[in-house]
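A.B. asks: Under our numbering, the first residue of the sequence shown is numbered 377, with each subsequent residue one higher.
Where is the CB? At the ideal position from N, CA and C, for every residue including glycine.
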Amino acid sequence: MPLPDQNRSHRRLPATRRVLAAAVVLAAAGAAVPLVAMAARTPNTHTPATAASAAAGSGHYFGTAVSSGRLGDSTYSTILDREFNMITPENEMKWDTTEP
């Protein structure tokens with residue numbers, strides 16, 4: 377007949393396994409929470425095509441300074457029209473240009 381002390385250590389093994397299994401399950405659940413949260417986020421369906429449209433969405437302007445000589449270039453003007461919603465004279469309005 378086994379002694380009560382010898383049998384007690386054998387009984388603790390299932391409890392240790394349960395604690396270990398519970399720890400593994402909790403660790404897996406804790407690791408899965410950020411993944412589930414990322415999957416649950418709704419994707420941004422509207423991404424602004426240009427910096428000007430992004431700025432306009434928040435009530436701001438996005439502009440550039442342009443030399444008047446570049447306005448005759450159709451490729452340059454097309455890019456300006458598409459990307460910016462405000463244009464400022466580059467050097468034409470500076471003091472040394474406007475005052476004799």
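Quick check on A428: buried or exposed, where buried means 16 or more other Cβ atoms within 10 Å of its Cβ?
C.D. replies: By the 10 Å Cβ count, A428 comes out buried.
A.B. asks: Where A432 and F438 are concerned, what is the direct C-alpha to C-alpha distance, given to the nearest angstrom?
C.D. replies: So the alpha carbons of these two residues sit roughly 8 Å apart.
A.B. asks: In three-state DSSP terms, what is A432?
C.D. replies: Here A432 sits in helix by DSSP.
A.B. asks: Rounded to a whole number of angstroms, what is the C-alpha to C-alpha distance between A397 and A405?
C.D. replies: The straight-line gap from Cα to Cα measures roughly 12 Å.
A.B. asks: Just list the residues that DSSP pairs P465 with in beta bridges.
C.D. replies: V442.
A.B. asks: Specify the secondary structure class of Y452 as computed by DSSP and reduced to three states.
C.D. replies: Looking at Y452 - three-state DSSP - the assignment turns out to be helix.
A.B. asks: So the alpha helix (DSSP H) T474 belongs to, where does it begin and stop?
C.D. replies: Residues W471 to T474.
A.B. asks: Closest to H436 by C-alpha separation, out of W471, V401, T392 and F460, would be which residue?
C.D. replies: The shortest C-alpha separation from H436 is found at F460.
A.B. asks: Helix, strand or coil for A405 per DSSP?
C.D. replies: Helix.
A.B. asks: Please report the distance separating the alpha-carbon of M462 from that of A441.
C.D. replies: Cα to Cα, the separation comes out at about 9 Å.
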